Every structure is written in structure tokens, then in C-alpha cells.
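There are 2 protein chains.
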Amino acid sequence: MQTTISQIPQLVGQEVELKGWCYNFRSSGKIFFLQFRDGSGSVQVVYSKAELPEDQWKILEGMRLESSVIVRGIVKEDSRSPLGFELEGKLIQAIQIAPEGYPIGKKEHGPEFLLDNRHLWLRAQSQWAVMRVRDRVITSTYEWFHENGFVKFDTPILTPTACEGTTELFEMEYFSEQGTGNSEQGLGNREQGTGMGEGTKAYLAQSGQLYLEAGIMSLGRAFDFGPVFRAEKSKTRRHLTEFWMMDAEAAFVEHAENMVIQEALICRIVADVLKHCRYELKVLERDVTPLEKIKAPFVHLTHAEAIAKLRAGGSDIGDTDDLGADDETALTTQYDRPIFIEKYPAVVKAFYMKRDPVDPTRVLNNDLLAPEGYGEIIGGSQREDDYETLLARIQERGLDPRPFEWYLDLRRWGTVPHSGFGYGLERIVGWLCGLHHVRETIPFPRMVNRITP
Amino acid sequence: MQTTISQIPQLVGQEVELKGWCYNFRSSGKIFFLQFRDGSGSVQVVYSKAELPEDQWKILEGMRLESSVIVRGIVKEDSRSPLGFELEGKLIQAIQIAPEGYPIGKKEHGPEFLLDNRHLWLRAQSQWAVMRVRDRVITSTYEWFHENGFVKFDTPILTPTACEGTTELFEMEYFSEQGTGNSEQGLGNREQGTGMGEGTKAYLAQSGQLYLEAGIMSLGRAFDFGPVFRAEKSKTRRHLTEFWMMDAEAAFVEHAENMVIQEALICRIVADVLKHCRYELKVLERDVTPLEKIKAPFVHLTHAEAIAKLRAGGSDIGDTDDLGADDETALTTQYDRPIFIEKYPAVVKAFYMKRDPVDPTRVLNNDLLAPEGYGEIIGGSQREDDYETLLARIQERGLDPRPFEWYLDLRRWGTVPHSGFGYGLERIVGWLCGLHHVRETIPFPRMVNRITP
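For the record, the sequence lines run as chains P and D. Those letters in the first sequence? Residues 1 to 453, per my numbering, in order. Those letters in the second sequence? Residues 454 to 906, per my numbering, in order.
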């Protein structure tokens with residue numbers, strides 16, 4: 001296997017050959033400084049005209065941004081470089097000298113220009129660092145769940161019914177002209193309106209939670225991690241139309257333990273990013289001091305307490321209002337740890353959340369707000385596990401119970417108390433990287449006005 | 454945290470409390486055998502009427518399939534049980550005694566009935582085992598890639614253009630009535646036909662490969678693992694309309710090394726499943742002997758050699774024909790290791806595959822066929838890395854080069870030799886579990902005639 005920059009701290013004093021790209025350079029006429037990256041990291045290669053064959057010096061003189069090259073050099077410790085090492089250049093070889101005019105330079109570009117060139121912008125050091133942090137968040141999530149008995153359970157994207165209204169769902173035809181009917185062995189009229197036939201509609205899933213609840217009745221604990229879709233026209237710095245969501249669900253876990261799980265997961269992710277992505281956070285100029293304070297126990301506020309605090313701060317928010325982005329920001333600036341906001345009014349939350357037995361106007365749910373103004377990164381709740389109560393909730397909301405028959409079945413056959421939560425990957429990455437807008441946290445962002453490249 | 458069945462081998466002689474479900478039972482009138490599962494595994498709990506309080510014995514007498522229960526008992530070694538342990542029952546407590554008539558019983562059900570009840574069928578021991586093997590394949594894939602310098606890179610599902618024709622793509626409207634135009638700082642006419650405006654179409658991705666190639670020019674090595682979509686009307690045992698695909702791509706890797714990577718990954722997955730899923734494979738009655746033979750080196754045949762072998766076996770397959778499912782089956786039965794079929798005729802393969810310099814009518818690609826008749830599980834190739842050649846290939850196929858501008862850019866700015874491959878998760882799980890049809894390998898399968906539950 002190819003030697004990479006990530007290995008050179010173990011190779012001090014040795015000559016190494018690396019393959020990659022020139023992302024910057026400067027020359028004094030006698031000394032040439034090549035800023036070299038290979039995907040695993042970046043390092044400066046210093047060439048001396050006096051010590052390099054003439055044809056190779058000519059290659060350096062003709063160097064251009066983003067040319068692909070092979071370099072050879074001796075690894076030296078260098079305390080001035082961000083990596084702590086540089087190469088004393090011994091050989092330069094061109095794979096391809098790029099044309100002049102690489103579109104992304106040192107000058108400030110507007111976000112639309114950068115997003116139009118997302119396929120190239122990804123090569124920038126900052127974007128490289130964000131993608132590596134994203135990978136670390138994903139990896140830590142998988143590790144933590146597997147260490148804690150959760151099984152990955154991939155829920156479907158193509159779903160037959162728009163359970164809670166279609167306004168924020170992407171809709172499509174599902175084999176409209178096909179000749180196959182529904183199963184003759186099917187479940188009779190429970191499939192009405194969702195069975196296959198001419199003009200069958202499919203919707204892109206917004207969350208896998210309901211399916212995940214079926215999964216845990218087999219597997220005990222399960223998590224789901226994949227793309228979800230929201231046809232929301234909001235153009236805010238926190239919204240994408242396609243984003244990655246992690247949903248987790250556990251049988252026999254109730255409200256309090258549900259939050260313990262969330263806290264442990266977030267602590268693990270933050271600790272791992274601080275441990276494994278120091279260099280990436282440095283590239284991003286992320287102040288790590290606030291991240292180092294992310295430790296259990298997190299702050300707990302009830303929704304009622306949060307409302308009282310907001311009002312004390314001058315807000316006119318109502319008793320049964322949901323929290324808006326500004327409210328979240330106001331709360332997070334008062335603490336240096338994440339905040340659980342618990343027990344929202346039932347009227348502003350989903351039908352499947354279990355009511356608080358102490359106050360049935362409220363549900364056993366929580367949001368989790370990240371500090372420094374980042375706001376909501378997790379939403380979770382204990383789920384209603386009683387058949388009759390759940391059916392009544394569906395009907396109260398004016399929803400058709402038929403497409404929920406299978407979901408109600410989970411309460412009919414061996415119901416158990418259970419809870420779950422979901423995090424938005426891009427919001428967590430944005431927080432950890434200290435980014436203003438989530439659009440930089442995903443390889444190819446999709447927004448109301450963007451579906452390219 | 455709750456004690457689970459997975460922990461009881463370490464708890465012999467101790468009394469444990471477990472929460473879960475009754476999946477079967479029988480009674481002699483004096484001894485009650487409760488088949489108990491909790492998501493982490495299953496175990497028999499043996500109750501004696503003489504030793505149990507009367508009210509608890511009554512619970513057992515009223516037991517029904519899929520009731521949720523709490524059991525307490527002493528862990529005993531028992532060589533007759535598949536797990537090697539059973540519980541001497543000390544307590545039974547009902548969470549919910551299920552109604553009579555649980556739909557899935559011991560009798561044979563047709564596949565459509567089982568799929569209509571997928572949310573319950575998932576609880577069957579066989580389906581539990583398949584989901585656990587699936588999780589193990591996913592986990593080993595993540596581990597192997599991370600140990601080998603690959604970064605997870607999530608490519609988009611919503612894509613603007615149907616690069617190679619729309620016949621097998623799901624199509625939808627993307628914010629048809631929105632008022633926002635395309636960026637004024639955009640790239641001019643390269644966005645024509647894909648820019649945002651009234652009636653903008655989006656297509657669900659069939660593969661993330663092209664985007665992944667952009668990713669490796671930043672990250673060096675990357676992999677993508679998510680759902681992909683194929684609006685194919687084929688109703689075969691190998692096809693789903695929504696399935697999970699793993700794509701990997703690596704800079705500076707050429708054709709031969711590309712296959713070394715595939716071989717190492719598959720060997721790792723098989724070894725891990727054999728190591729961690731022995732019990733699951735036993736539940737599935739999977740003969741592990743063929744799996745134990747999966748070791749490097751795999752068999753290598755060129756496409757020409759494969760055609761010759763098929764003809765020797767009586768086939769009338771042509772020199773430039775692609776291999777069909779029957780051809781694959783015929784070849785795999787001749788070897789007990791997976792087979793790489795290399796260097797297909799260029800005319801039957803995608804435009805982006807690099808030609809073989811020795812014979813430019815062929816490409817530097819490979820399929821990988823699993824033994825025992827399972828056939829194709831991987832497709833891969835070295836990619837064309839020359840700008841002019843790639844542009845010519847696009848034009849030869851009659852494709853519009855404009856939506857490929859960004860993809861061509863990867864060859865304009867520091868092109869490098871690179872290769873990649875993709876595996877279909879459901880086909881790998883189907884092979885390892887010894888299943889006839891891929892529909893059992895995913896939680897909620899989507900097929901031409903099925904989008905429920």
C-alpha cells in the first residue's frame with residue numbers, strides 16, 4: 001500500500017514517496033515550497049534549486065494549483081508547521097499539471113459560487129476537515145451503539161402513506177402503469193388506499209422511527225442511520241431538503257433512561273472528535289474550549305421552566321408554545337453544557353408520544369439543545385404503548401387509522417414500554433466544527449434552490 | 454442497564470431477571486416450557502408447578518404467543534439447547550398477555566402473507582437472525598474501510614439529471630412552484646437543463662459512484678453506504694426497487710489493486726460473520742462449510758475465458774455478450790471460491806470504465822461472483838482518467854456532456870488514476886445466510902408490487 005501523510009510522524013529521518021495534489025506553492029527563486037495534500041493530510045515539501053535536477057526544477061517552475069504530483073523527500077520534524085513535520089524534497093514528478101485558472105483561489109468567494117463548484121470546493125482544507133469530522137461522528141455513533149447492544153436496522157425511504165399530511169413530503173409515482181395487483185393473500189381492507197395499482201403514490205421518508213419501533217420488537221434495541229427528506233421551503237442556515245438522520249429505539253427504556261442514553265452518546269461523540277480530529281479542528285479554527293466542557297451531567301429544564309426563563313428574559317412566549325430557533329439560542333447561551341428540555345405540551349408534539357402520568361397535558365419527550373447558540377440537535381420521547389390510547393390519539397388528530405394498522409399491531413401483540421430519539425447529523429457536525437450554516441456539513445447539499453452539481 | 458440473554462453465559466448459577474417476549478411454549482401440566490426471546494437472543498425457561506405461586510402458574514396457563522413478559526430464573530448449563538443454557542424459572546410476570554390468534558404460526562405461510570405482515574414476521578427467529586447477520590456485514594464493512602484509510606462520504610439521493618437514460622429511474626418534481634431562480638454567480642450555461650426553475654425534475658440515485666469520485670480527489674479514499682433506487686420491473690429473486698449499496702473509491706489504485714481490496718473486504722466480512730454469527734447461522738440452518746472455504750486468493754477469469762468455459766458447457770453465448778444470471782450460476786458451481794470475471798467487452802459496460810491498454814475493445818473492470826450459484830455481488834472498475842477520452846466516450850454514447858461538466862472537471866484539475874467498486878448489501882446477506890430470495894434480507898422490502906407496510 002501507498003505511503004500516506006498520515007504515516008509520516010512514524011517515519012522521521014526516512015525518505016518517503018507520496019502521491020497527491022499541490023494545493024498551494026511559493027518560490028524564492030532558489031527555494032520552492034510545495035503545499036502538498038494526499039487525502040490523509042497535508043504537508044509542506046521544501047525543494048532547493050541547487051539540489052534538484054534541472055528538469056525537475058522546471059516542473060516546479062511550471063507548477064499550478066491542483067496539479068497531481070508524486071513527491072519524494074526526507075521527513076523532518078518542524079515545529080512551525082501545523083502538522084509538526086515537513087519534507088526535504090528529493091524528487092518531484094508530475095502526473096498532470098493542471099491548466100491555469102483553477103476556479104477556487106485565495107480570494108473570498110460567495111456561497112453560491114462555492115456551491116456551484118462543490119465538486120472542487122470539497123478539496124479545500126476546510127472542507128476536507130469538515131468531511132473528516134463528519135466521518136468521525138458517524139464512526140463513533142456506530143461504535144457506541146454496537147457496544148451498547150443496538151443493531152443497525154435500515155428502514156425504508158419509499159413509504160406508502162403520508163402519515164401526517166403531505167405538505168413537507170416529496171411525492172412520486174410508484175410504477176403507475178404496472179399490471180400487477182395487490183396480493184390476494186393480503187390483509188383485506190387494511191391495505192385500502194395504500195395497495196398497489198394504477199397511480200400508486202410513494203413518499204420519501206422523513207424519519208424511520210415508526211418502522212424502527214417494529215424492529216425493536218424483534219431486536220430489542222436498534223438504530224437507523226440514513227438520508228431523510230423534507231420538502232420544506234424554509235431557507236434557514238439549519239435546513240436542508242435531504243439530510244442524514246440517526247434514529248435509535250430501545251425496548252424497556254423509559255423517559256429518564258432515554259435521556260441517559262442520549263447524554264452518553266453525545267459525550268462519546270464529542271470526546272472522540274476532540275481526540276481524533278485535533279488537526280481538523282485546528283484547520284477549521286474551531287475554539288475547542290467549549291467542546292471540552294461537554295460532559296455529563298447535562299442541564300435539565302422542563303418546558304415550563306424554559307418558558308419561565310425566556311419570559312424572565314423579556315420574551316412573550318406562551319405557556320403552550322413550541323420553542324423557536326431564537327428561543328433555543330437564548331437558552332443555550334445561559335449554560336456551557338447541552339440542555340435537555342423535557343415534557344412539552346402534548347398539543348405541539350406528535351401523536352405517538354406518551355403522556356406524562358403526572359400531567360396528561362404534557363408528553364414524556366425531550367429535545368436536546370447544543371450550546372453556543374446551536375440549538376436543537378436531538379428530539380426524543382417515550383412512545384405511547386397502549387393500543388386504545390394510541391388509536392384515540394390518531395383519531396383525535398383527524399388521521400386515518402388504516403395506514404397505521406401495522407403500527408397499532410405493535411401494541412396489540414406483546415406491547416412493551418419503549419423510547420427513542422433521533423439526531424440530525426449535519427446539525428451535530430455544524431456544531432462541532434463551529435460552522436454557521438449546515439450546507440458545508442454534507443458532501444453535496446440539497447436545498448430549496450439547489451439540486452446541483 | 455437491563456440484563457440480557459446475550460450475557461447469561463457469564464452468569465451460570467446466578468438468578469437473573471429478563472424482559473422480553475414469549476415466542477413459543479408447551480406444558481406437561483406440571484412443567485411449563487417457555488420459549489423466551491429478548492432481542493439479544495432466546496432461551497428456554499422451565500417452570501415447575503410445584504415450585505411456583507399459584508397466581509403465577511395461572512399466568513403461564515393463560516400464556517399466548519408474543520405476550521410480553523418479565524421472567525426470573527437461575528442460569529443452568531444445558532447441552533441440548535442451541536444456546537447451551539436454560540433458565541430454571543423462579544418468577545413470571547405479564548407485561549401484556551397478547552390476544553388469541555397471532556397471525557404467524559407454525560404452519561407454512563405464503564411469501565405474500567408474510568410480507569403483508571412484515572412488521573410481525575421480523576420477530577421470527579429466522580428473520581431476527583438475518584437482521585443480525587446484516588448488521589454484522591455492515592459493521593465489518595465500516596471497520597475494514599476505516600482500518601484501511603477510507604472515509605465515509607454520503608453522496609446525494611436527489612440528483613438533477615438522468616445521466617444514462619430515465620427508464621430505470623424514479624422521477625419526481627423538485628419544488629415546481631418555487632420562485633427562486635438559479636444562482637446568478639453560477640457557471641453559465643453548464644447548468645442549462647439542470648438549473649432550478651418551474652417543473653424541475655429530480656431523480657433518485659442508482660449509485661453514488663460519480664459523486665464519490667469527486668470525494669476521493671479531496672479525501673484520497675472514500676466509501677458510501679446508503680439506499681439506492683432502481684425502477685426496474687424485473688421480478689426476480691435478486692431484485693428490489695430500494696436496496697442498500699456500498700460504493701468505494703480510491704485514488705492511485707489501478708485495476709489489479711482494486712481487486713485485492715475487494716478480496717480483502719469480502720474475506721473479512723465472511724470471517725467476521727463466521728466468528729460472530731455462529732448462533733444466527735445455526736438458526737438459519739446455513740451449512741457453514743462453503744463459507745469456511747472463502748479465503749484468498751479468489752479465482753480470476755477473463756471475460757473471454759468465462760465465455761469459453763460456458764461454451765464448453767454447451768452455452769451459445771456470444772463473444773461480446775454480458776453474462777446473465779444463468780451464466781453466473783453455471784460458473785460459480787465450478788469453484789468453491791468467489792470468481793473475479795475481468796475485462797468485459799467495452800460495448801456492454803459503462804462509459805466511465807477505463808479501456809484495457811492491451812486490448813482497447815475491453816475495459817479494466819471486474820465483477821465478483823459468489824459461489825453456490827449466488828452470482829454477482831460486486832461490480833468494479835478502474836475509471837477513465839483522461840479528459841479528452843472521457844468526453845469522447847460520453848459523446849459516443851449519445852449522452853449530453855453538459856450535466857457531466859462537473860464530472861469532467863475531476864479530469865481537468867489534477868487527474869489521477871483511480872478505481873472503485875460497489876457491493877449490493879442484500880445480495881451479500883442473502884449469500885451468507887443461504888437465502889433463496891433477497892426480500893428477506895432487508896427490514897421492509899420494496900418491490901415492483903410492494904410498498905407496504
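For glycine and all other residues, C-beta sits at the position ideal for the given N, C-alpha and C. Here the structure is a predicted model, which is why all the values come from computation and not from measurement.
Scanning chain D for C-beta atoms nearer than 7 Å to the C-beta of T236 of chain P yields nothing, as the closest lies near 14 Å away. Among the residues of the segment 212 to 228 of chain P, those with a Cβ less than 8 Å away from any Cβ of chain D are A214, G215, I216, M217, S218, L219, G220, R221, G226 and P227, in the order of the chain. Not one beta carbon of chain D lies nearer than 8 Å to the beta carbon of M259 of chain P.
Scanning chain D for C-beta atoms nearer than 8 Å to the C-beta of T155 of chain P yields P896 and F897, reported in chain order.
For the options P:A98, P:V283, P:A124 and P:I97, the alpha carbon positioned closest to that of H109 of chain P is the one of P:A124.
In this structure, the alpha-carbon of K58 of chain P lies about 47 Å from that of E758 of chain D. In this structure the segment 659 to 676 of chain D lies against the segment 38 to 56 of chain P, because at least three pairs of beta carbons, one per stretch, are closer than 8 Å. The segment 419 to 439 of chain P and the segment 239 to 251 of chain P touch, with no fewer than 3 CB-CB distances between them shorter than 8 Å. With a cutoff of 8 Å on beta-carbon distance, V741 of chain D and A582 of chain D are scored as not near each other. The segment 883 to 898 of chain D and the segment 841 to 857 of chain D do not touch, with fewer than three beta-carbon pairs separated by less than 8 Å. Against chain D, a Cβ distance below 7 Å from I95 of chain P picks out V869. Going by beta carbons, C475 of chain D and Q488 of chain D fall inside the 8 Å limit.
Excluding residues up to 5 positions away in sequence, E426 lie with their Cβ nearer than 6 Å to the Cβ of I442 of chain P in the same chain. At a cut-off of 8 Å between beta carbons, W21 of chain P contacts chain D. T755 of chain D sits in a strand when the DSSP states are folded into three classes. Under the three-state reduction of DSSP output, A214 of chain P falls in the helix class.
Against F538 of chain D, chain P offers no close residue; the least beta-carbon distance is about 18 Å (beta-carbon pairs closer than 7 Å).
Taking a C-beta distance under 8 Å as the contact criterion, Y805 of chain D and I451 of chain P do not qualify as a contact pair. For D607 of chain D, there is no enclosing alpha helix (DSSP H), as DSSP marks it with neither H nor E. Against chain P, a Cβ distance below 7 Å from M698 of chain D picks out nothing, because the smallest value is about 11 Å.
In terms of CA proximity to I269 of chain P, P:I294 leads the group P:S67, P:R402, P:F252 and P:I294.
Not a single C-beta of chain P is nearer than 8 Å to the C-beta of S834 of chain D. Relative to the Cα of D272 of chain P, the nearest Cα in the group P:R132, P:T200 and P:V228 belongs to P:R132. Taking the Cα positions, V522 of chain D is about 31 Å away from K728 of chain D. Neighbours of Q2 of chain P in chain D, taken as residues whose beta carbon is under 7 Å from its own, are F705 in chain order.
A Cβ-Cβ distance of about 6 Å is found for the pair L120 of chain P and I104 of chain P, placing them in contact under the 8 Å criterion. Note that the segment 823 to 835 of chain D does not touch the segment 654 to 667 of chain D; fewer than 3 beta-carbon pairs, one per stretch, sit closer than 8 Å. According to DSSP, Y876 of chain D shares a beta bridge with D:M699 and D:I831.
By the neighbour-count criterion, in which a residue is buried when 16 or more other Cβ atoms sit within 10 angstroms of its Cβ, S28 of chain P is exposed.
DSSP places M259 of chain P inside the alpha helix (DSSP H), whose first and last residues are H255 to H276. When 7 Å is used as the limit between beta carbons, R576 of chain D is near these residues of chain P: M217 and S218, in chain order. A residue is called buried when at least 16 other Cβ atoms come within 10 angstroms of its Cβ; V448 of chain P meets this threshold and is buried. At a cut-off of 8 Å, the C-beta of P906 of chain D has a neighbouring C-beta in chain P. The DSSP-derived three-state label of Q497 of chain D is strand.
Between E388 of chain P and chain D, the shortest Cβ-Cβ separation is not below 8 Å. Counting along the chain, the unbroken beta strand (DSSP E) around W474 of chain D starts and ends at E468 to S480.
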